[in-house]
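Read through the structure below, which is laid out as structure tokens, and then see the notes.
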Amino acid sequence: MNEFVLNEDRFFDSDLSIRKFARELYNDIKDYPIISPHGHVDPNIFVENKPFPNPTELFISPDHYVFRMLYSQGVPLEELDIPQIGGKRLVKDPKKVWQLFAENYYLFAGTPSGVWLDYEFNKVFGIKEKLNGNNAQKVFDMINEQLQTEEFLPRNLFKKFNIEILTTTDAATDQLINHQQIKQSGWDGRVIPCFRPDGLTNLLNPNWKNELTELGKLTSLDVNNYKNFISALEMRREYFKSMGATSTDHGVISPFTYKLTEGEVNAIFSRALNGKATERDAELFTANMLMEMARMSCDDGLTMQIHAGSNRNHNNVIYEKYGLDKGCDIPQRTDYTENLKELLNAYGNNLNFTVIVFTLDETTYSRELAPLAGHYPAMKLGPAWWFHDSIEGMTRYRQMVTETAGFYNTVGFNDDTRAFVSIPARHDVARRIDANFLGGLVARHIISLSEARIIMKDLTYNLVKKAYKL
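If you read the sequence shown in my numbering, its first letter stands for residue -7, the second for the next number, and so on.
In structure tokens:
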């Protein structure tokens, strides 16, 4: 069997002149620390600092990119041992799940998941064979043996991966106990929270009343009126800041922004308390809360992120059985120019405010987002997100936004992952794609090599630290 190795020029252009510059630019920054300003890694792994249970729990269970593809090919989630609502799991043998994964590994050819997994197996665990059904158990045992060593404990991997900062995503009512414990442990790894109040700003959330009750308990305020509700959210933001947070995050179907009058918002809030809020109420309330969050960011300096355009839980059968984040979210058309107009007119000229906007609708890159970010001082473009966090997706992103917004109205890369071991793989891909794009500009004499070197360093490290105030 041929030894499986990763080509040192992977993802670079076949044009030798571009490849030469891309290689040079990549080598300049390949060893830079990783800044991860937005993601979903469970901070508890750094509190406990225990060995990962097995390869299945490490690579498959937390990664909906992986089991989404397998499900699309008829592999039931039950056979992948994905926990159902309530925690029920049907498969007791992780090796059985791994075998099924390995037999279907060919499905990931050409996908970003395949690229990341190849890197993880080869660079992190030293596996020199391409995973398949025949070598599945051997590879499982090789990885599992390493997972039991001290080198592969979460905190040591954090250091091995050269992660400087890792940001988690946390509900507004999260007490941040894990973050407290990390701080108190004396460990020098920087793991910080991000304030995500979606459970309270979305009136259609079935747990909204429970979240509201918890908010009241945490702040000792009577949150059964809108004024106190806002005060309580401001208090929680301050608490998050005290725990190291530098940003907020808001996941919305539409980036519609609208400032309700006092009477309108009080009426909607009252209907929500009585369980009578309509879908239109929820739409207006979320739009109003984006305005409130922007106002608060102007005051407290937290960078605001808006992730818009994901039609969540599209597959009701899976959602009802397994809950959230099971690979059933689908992109949809999204308007930014009109929907963000009220927010940007109110706060977009404020130099103390930064709002980073993400999209799943690539058609908006050059038509809407780049022109908006290329004008309003407060607005920046988030990197290619989710379905577009890929070799071609990141290339299209640079091609479609650079001429209008430049590089300095973007914010570098964020991995946005639950799969901890994939972080270095994802950042390596992003660095290579940026190096290749810049190499093309140098080869065509659009920018000089010295300019490209500066931009490359900024895209890798400086821009993300500036945008997220890290």
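We put the CB at the ideal spot given by N, CA and C, even for glycine. For clarity, every value in this text was computed on a predicted model and none was experimentally measured.
Output the boundary residues of the alpha helix (DSSP H) element that contains residue 373. Careful: residue 373 lies outside any alpha helix (DSSP H), inside the beta strand (DSSP E) at 371 to 373.
Requested in this report: Please name the residue, chosen from 38, 116, 62, that lies closest to residue -3 on a Cα-to-Cα basis.
Outcome: 116
| message | Whole angstroms are fine: how far does the CA of residue 375 sit from the CA of residue 420? | response | 14 Å
message: Quick check on DSSP: helix, strand or coil for residue 354?
response: coil
### Query
Quick one: complete beta strand (DSSP E) runs, 3+ long, within the segment 279 to 329?
295 to 300
Just checking my contact of residue 121 with residue 107 at CB under 8 Å: how many whole Å lie between their CB atoms? Contact flag wrong, Cβ pair sits at about 17 Å.
Could you give the C-beta distance for residue 239 and residue 460, rounded to a whole number, given that I count them as a contact under 8 Å? 5 Å
**Prompt:** Could you give the distance in angstroms between the alpha-carbon of residue 187 and the alpha-carbon of residue 35?
**Reply:** 14 Å
Classify residue 156 as helix, strand or coil using the three-state DSSP reduction.
-> strand
*Count the other CB atoms within 10 Å of the CB of residue 427; is the residue buried (16 or more) or exposed (fewer)?*
buried
Please classify residue 224 as buried or exposed, where buried requires at least 16 neighbouring CB atoms within 10 angstroms.
buried
Between which two residues does the beta strand (DSSP E) harbouring residue 177 extend?
Residue 177 -> not in any beta strand (DSSP E); alpha helix (DSSP H) instead, spanning 169 to 177.
Note to self: Please report the straight-line C-alpha distance between residue 168 and residue 109, rounded to a whole angstrom.
What the structure shows: 31 Å
Legend entry - Beta-carbon spacing of residue 33, residue 173 below 8 Å: no
Assuming residue 393 is part of the alpha helix (DSSP H), what are its boundary residues? 383 to 397
What residue does the beta strand (DSSP E) around residue 242 start on, and which one ends it? 239 to 244
Check: Starting from residue 2 and walking both ways along the beta strand (DSSP E), at which residues does that stretch end?
Finding: Run containing residue 2: none; DSSP gives neither H nor E here.
Three-state secondary structure assigned by DSSP to residue 188 | strand
Exercise for the section: Take residue 185 as the anchor and find which of -1, 165, 195 has the nearest alpha-carbon. Expected result: 165
query = For residue 163, which residues does DSSP report across the bridge?
reply = 188
*Kindly indicate which residue of 118, 53, 114 has the alpha-carbon position closest to the one of residue 89.*
53
Can you tell me whether residue 489 is buried or exposed? The criterion is at least 16 other CB atoms within 10 Å of its CB, across all chains shown. This structure cannot settle anything about residue 489, because the visible part of the chain is limited to -7 through 462.
Using a Cβ-Cβ cut-off of 7 Å (strictly less than) and excluding sequence neighbours within five positions of residue 204, which residues of its own chain qualify?
192, 215
Q: Go ahead and pull the three-state DSSP assignment for residue 182.
A: strand
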